[in-house]
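Step one of this worksheet: look at the structure below.
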Amino acid sequence: MKAKFRSVAYSHTTITELMIPAYANFGGKIHGGIILSLMDKVAYACAAKHSRGYSVTVSVSNVNFIAPIEVGDLVSLTASVNYVGKSSMVIGIRVDAENCLTGEITHANSSYFTMVAMEEDRTPRSVPGLILETKDDVLKFVQAMRYRKSRFELQEEFDQYKSNINLSEELNTGLLEGQNCMVIDL
Ligand SMILES: CC(C)(COP(=O)(O)OP(=O)(O)OC[C@H]1O[C@@H](n2cnc3c(N)ncnc32)[C@H](O)[C@@H]1OP(=O)(O)O)[C@@H](O)C(=O)NCCC(=O)NCCS
44 MKAKFRSVAY SHTTITELMI PAYANFGGKI HGGIILSLMD KVAYACAAKH SRGYSVTVSV
104 SNVNFIAPIE VGDLVSLTAS VNYVGKSSMV IGIRVDAENC LTGEITHANS SYFTMVAMEE
164 DRTPRSVPGL ILETKDDVLK FVQAMRYRKS RFELQEEFDQ YKSNINLSEE LNTGLLEGQN
224 CMVIDL
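Here the sequence shown is numbered in our numbering, starting from 44 and rising by one per residue.
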């Protein structure tokens with residue numbers, strides 16, 4: 044029988060990977076894209092466990108690279124389901140880099156990945172609800188709910204702005220004064 048609810052702990056997932064020289068950029072630090080790819084993997088694993096099925100990444104938000112990651116660091120990516128809707132799951136991810144030699148741990152990144160569970164015909168599939176067992180589970184659920192709502196509102200506001208923009212009017216307000224740009228021709 045399919046579960047109607049699953050706990051946050053049920054799908055909590057950690058992936059740990061050693062940062063090898065092939066992952067480095069020209070500056071000698073780890074490529075942001077390598078970390079993003081690992082984040083997508085851990086988000087998928089967490090979502091697949093909660094929904095016990097296939098899911099896709101529909102949105103990546105609030106990705107901030109707080110500190111550089113060095114070659115030789117051991118990177119741990121921890122994912123947990125923070126919020127579920129009908130078919131979507133907001134996965135909170137935290138990335139920590141450990142210097143293997145000193146043991147020093149640096150918080151490198153945190154973000155939200157939204158995954159949607161899919162049927163075989165590629166339509167969204169309902170997922171089990173979330174059992175909130177701890178105060179932290181409730182806090183994360185409420186925060187993710189609020190973040191999701193703000194994002195949708197912001198997206199709607201921006202879509203309206205983009206479709207209604209009157210460029211000449213905007214420019215007449217001196218919008219570009221003091222900006223680091225040079226308008227050649229319109
Ligand atoms: C995921 C996908 C099926 C959603 O399609 P859709 O027509 O928006 O479907 P729905 O409107 O029914 O939305 C399904 C869920 O996704 C959520 N969703 C859709 N777009 C979203 C977005 N940009 N951000 C967050 N959630 C989103 C909806 O809120 C809904 O959640 P709920 O069921 O929990 O209420 C479709 O956008 C898709 O196939 N995207 C490509 C995914 C993919 O290939 N990812 C890999 C990238 S390489």
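C-beta atoms are modelled at their ideal positions from N, C-alpha and C, and glycine is treated no differently.
Identify every residue that forms a DSSP beta bridge with residue i.
{"i": "N174", "result": "Going by the sequence as given, residue 174 is Ile instead of Asn. Answer is S50, bridged to I174."}
{"i": "T100", "result": "M158"}
{"i": "I136", "result": "A122 and S154"}
{"i": "V127", "result": "M132"}
{"i": "N142", "result": "D116"}
{"i": "I72", "result": "According to the sequence as given, residue 72 is Lys; it is not Ile. Looking at the DSSP assignment, K72 forms a beta bridge with E113."}
{"i": "A67", "result": "I73"}
{"i": "N107", "result": "S153"}
{"i": "L61", "result": "L117"}
{"i": "T56", "result": "A122"}
- At least 3 beta-carbon pairs within less than 8 Å: the segment 181-199 vs the segment 61-69: no
- Message: Please enumerate, following chain order, all residues with a beta carbon closer than 6 Å to at least one heavy atom belonging to ligand 1.
- Response: V99, T100, V101, S102, G128, K129, S130, S131, T157, V159 and P167
- Message: Does the structure place the segment 165-180 close enough to the segment 118-131 that three or more beta carbon pairs sit under 8 Å?
- Response: yes
- Query: Does the segment 145-153 come close enough to the segment 83-101 that 3 or more CB-CB pairs lie under 8 Å?
  - Reply: no
- Message: Quick check: the segment 195-210 against the segment 84-98, are at least 3 beta-carbon pairs closer than 8 Å?
- Response: no
- Query: Along the chain, which unbroken stretches of the alpha helix (DSSP H) at least 4 residues long are found entirely within the segment 169-219?
  - Reply: 178-207 and 210-215
- the segment 172-185 in contact with the segment 138-145 per 3-pair CB rule at 8 Å: no
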